[in-house]
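All remarks here apply to the structure that follows.
Take a look at the structure:
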């Protein structure tokens with residue numbers, strides 16, 4: 001597949017890619033680099049790179065595939081630094097959750113003889129940082145690729161095999177479709193999780209203790225989502241703000257209808273809303289996107 | 300503690316109480332009864348009662364504790380049927396998620412020589428029905444009791460020991476405090492979970508398939524909550540509608556602020572919201588209400 005892969009940015013995703021590649025042995029040499037000194041220390045200590053390199057340029061110069069898994073807000077400066085050092089005919093990819101912004105950044109740079117194929121592995125946990133990685137993070141999950149139509153099929157095939165070697169399923173779609181779908185399946189749910197936690201917390205310190213104590217009734221599950229990496233989510237919300245705001249508007253419209261049904265104690269309407277959610281849940285389980293095991297107090 | 304406990308309504312909670320009591324051996328005889336014929340069959344088949352009884356009256360007449368764990372909408376007719384058959388000096392309790400309504404129903408009936416001590420075990424899964432029960436459902440979770448000040452301390456002590464025998468922690472508070480706290484920790488999160496699922500589903504059939512496929516990015520976790528028992532939640536929303544609507548209003552106010560920060564790409568404001576959520580998550584873990592294990596694709 002690839003002789004050398006270089007991973008730029010060693011957080012949850014970067015370290016998971018390293019571990020997954022080492023586990024499956026599909027790539028000879030994997031170099032991991034992070035601009036953050038404290039992360040560099042962890043990379044050394046935990047053996048998260050096949051070779052210690054001291055600069056971005058050095059990290060990428062021999063790579064057949066460069067994978068950028070930094071926060072979106074660092075993406076432009078990373079590409080700007082490495083662009084003249086990329087190996088001819090190599091592939092450049094990323095792992096960002098929004099594609100429009102990074103795609104525009106790379107296209108603006110007009111890289112010659114480099115295949116830019118954006119990737120988004122739809123996988124994660126609420127944990128972040130190099131120690132949070134798992135070799136099985138991508139197993140059974142989807143990775144979405146959004147290459148331009150001008151990109152060589154053979155390169156798209158190569159990067160598909162790369163993700164598939166980590167047991168991910170691969171889907172190719174347009175940047176626009178990606179950002180629209182993810183705004184609903186991931187970005188909007190995160191907005192809502194943060195917002196429910198904020199609302200439940202309130203401002204009353206005495207009440208906060210009780211809210212924490214009895215959170216097992218539902219709130220707890222939202223706090224898990226809302227505990228995700230703040231920098232990453234700030235970047236996502238800014239980068240996909242237009243579509244997320246559309247989602248919020250639709251959500252608010254639906255919430256007003258729901259509130260009306262609760263205010264009017266409209267049993268029929270309430271049951272209708274619930275039944276639809278259950279059907280959707282069943283479809284998600286059927287599609288293998290979650291197990292049907294009950295969440296007994298989260299073992 | 301009690302010689303005989305009778306459980307009326309054998310869903311997730313009723314069957315879990317039976318299993319927990321049988322596991323810890325604290326009660327000599329446990330009778331389970333359900334008005335639904337198909338549930339009665341399961342009670343027999345799965346040995347979810349120490350004795351087969353054929354009516355509500357028969358179920359309760361020798362019980363030292365009667366625990367009603369039916370949907371709230373069936374509560375009044377159950378109490379009305381059993382009230383003349385309750386054993387003198389016995390205790391009556393329930394497991395409803397809203398206390399104001401059931402408390403008013405029982406007080407209106409003016410039962411003589413019966414201790415009415417409402418219970419709410421704050422535990423559950425998205426699964427329902429008699430087969431969903433687990434003897435460990437209440438382990439480490441809180442049960443809230445909302446007895447009137449006129450109730451004998453010795454009876455409150457008895458029912459506290461009853462829940463504690465199932466490894467639940469017990470807290471006593473007023474009906475009003477209970478309903479207000481739970482409106483935020485449980486009822487509002489369920490409204491929001493249903494609403495996000497509804498919003499993400501949309502009306503476009505083609506899009507629905509993609510939404511299901513990529514739900515691992517956050518939405519999936521909401522569908523789990525939104526898969527809970529529809530009848531139970533319809534009743535909760537109706538019974539606690541006033542406080543839930545207050546919660547929705549506060550939620551909407553916060554969401555508008557959040558939308559403004561996203562629209563204006565206000566990094567500082569966004570990071571502020573996120574950091575608070577993370578702190579709250581840490582407090583929940585510290586309080587033992589969830590584990591800190593990451594949710595890697597929900598093993």
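Protein chains in written order, with our numbering: chain R, 1 to 299; chain S, 300 to 598. Positions of the beta carbon are idealized from the N, C-alpha and C atoms, including for glycine. Keep in mind it's a predicted model, so treat the numbers as computed, not measured.
Kindly indicate which three-state DSSP category residue i falls into: helix, strand or coil?
i	result
residue 265 of chain R	coil
residue 144 of chain R	strand
residue 172 of chain R	strand
residue 118 of chain R	coil
residue 2 of chain R	strand
residue 427 of chain S	coil
residue 106 of chain R	helix
residue 410 of chain S	coil
residue 133 of chain R	coil
residue 280 of chain R	helix
residue 258 of chain R	helix
residue 400 of chain S	helix
residue 549 of chain S	helix
residue 138 of chain R	coil
residue 449 of chain S	coil
residue 590 of chain S	coil
residue 597 of chain S	Here the model assigns residue 597 of chain S a pLDDT of 36, short of 50, so the residue's position is not dependable and the matter cannot be decided.
Please check if any C-beta of chain R sits within less than 7 Å of the C-beta of residue i.
i	result
residue 489 of chain S	yes
residue 441 of chain S	yes
residue 485 of chain S	yes
residue 500 of chain S	yes
residue 540 of chain S	yes
residue 576 of chain S	yes
residue 469 of chain S	no
residue 319 of chain S	no
residue 600 of chain S	Because chain S is modelled from 300 through 598, residue 600 of chain S falls outside the range shown and cannot be assessed.
residue 566 of chain S	yes
residue 595 of chain S	Note that residue 595 of chain S scores a pLDDT of 43, beneath 50, so its modelled location is shaky; the value from the coordinates is reported in the next line. Taking Cβ atoms only, chain R reaches closer than 7 Å to residue 595 of chain S, which makes this a yes.
residue 554 of chain S	yes
residue 398 of chain S	no
residue 494 of chain S	yes
residue 313 of chain S	no
residue 562 of chain S	yes
residue 368 of chain S	no
residue 535 of chain S	no
residue 437 of chain S	no
Using a Cβ cut-off of 7 Å (strictly closer), state whether residue i contacts chain S.
i	result
residue 289 of chain R	yes
residue 147 of chain R	no
residue 64 of chain R	no
residue 104 of chain R	no
residue 4 of chain R	no
residue 210 of chain R	yes
residue 223 of chain R	yes
residue 43 of chain R	no
residue 273 of chain R	yes
residue 162 of chain R	no
residue 72 of chain R	no
residue 11 of chain R	no
residue 281 of chain R	yes
Since residue i is in the beta strand (DSSP E), which residue starts that stretch and which ends it?
i	result
residue 92 of chain R	91-94
Which first and last residues belong to the alpha helix (DSSP H) in which residue i is found?
i	result
residue 161 of chain R	153-165
Practice problem: Output the residue ranges of the beta strand (DSSP E) runs that lie fully inside the segment 5-88 of chain R and measure 3 residues or longer, sorted by chain position. | Solution: Considered as a whole, the segment 5-88 of chain R harbours 27-33 and 65-68 as its complete beta strand (DSSP E) runs of no fewer than 3 residues, in chain order.
Problem - Cβ contact check for the segment 499-517 of chain S and the segment 108-128 of chain R: 3 or more pairs under 8 Å - result: Verdict: yes, contact present.
Check your understanding: Just checking, does the segment 87-97 of chain R make contact with the segment 22-39 of chain R on the three C-beta pairs under 8 Å criterion?
Key -> Too few Cβ pairs lie closer than 8 Å, so no.
**Asked** Is the segment 557-572 of chain S touching the segment 190-208 of chain R in the sense that three or more CB pairs, one from each, lie closer than 8 Å?
**Response** In short, these stretches touch, since the Cβ pair count reaches three.
Identify every run of the alpha helix (DSSP H) within the segment 472-543 of chain S, keeping only runs that are complete inside it and at least 4 residues long; order them along the chain.
Secondary structure in the segment 472-543 of chain S: the alpha helix (DSSP H) runs of 4 residues or longer, each lying completely within the stretch, are 474-481, 487-500, 504-512, 518-524 and 529-538 in chain order.
### Message
Check whether the segment 326-336 of chain S and the segment 472-485 of chain S are in contact - that is, three or more C-beta pairs closer than 8 Å.
### Response
The segment 472-485 of chain S and the segment 326-336 of chain S do not touch, with fewer than three beta-carbon pairs separated by less than 8 Å.
Checklist entry - Looking at C-beta atoms only, is the number of pairs between the segment 264-272 of chain R and the segment 284-291 of chain R that lie closer than 8 Å three or more? => result No, they do not touch.
Exercise for the section: Please determine if the segment 44-55 of chain R and the segment 163-174 of chain R are in contact, where contact requires at least 3 C-beta pairs separated by less than 8 Å. Expected result: By the Cβ criterion, the segment 44-55 of chain R is not in contact with the segment 163-174 of chain R, since fewer than three pairs of Cβ atoms, one from each stretch, lie closer than 8 Å.
- Query: Taking one C-beta from the segment 442-457 of chain S and one from the segment 371-381 of chain S each time, how about it: are there three or more such pairs within less than 8 Å?
  - Reply: Below 8 Å, too few C-beta pairs join the segment 442-457 of chain S and the segment 371-381 of chain S to call them touching: fewer than three.
Evaluate contact between the segment 133-141 of chain R and the segment 18-26 of chain R, counting only Cβ atoms and requiring at least three cross-stretch pairs below 8 Å.
-> With the cut-off at 8 Å, the segment 133-141 of chain R and the segment 18-26 of chain R touch.
- Given 8 Å as the limit, is there contact between the segment 531-549 of chain S and the segment 156-167 of chain R, that is, 3 or more CB pairs closer than that? Short answer: they don't touch.
- State whether the segment 532-543 of chain S contacts the segment 300-309 of chain S, with contact taken as three or more CB pairs (one from each stretch) at a distance under 8 Å. In short, these stretches do not touch, since the Cβ pair count stays below three.
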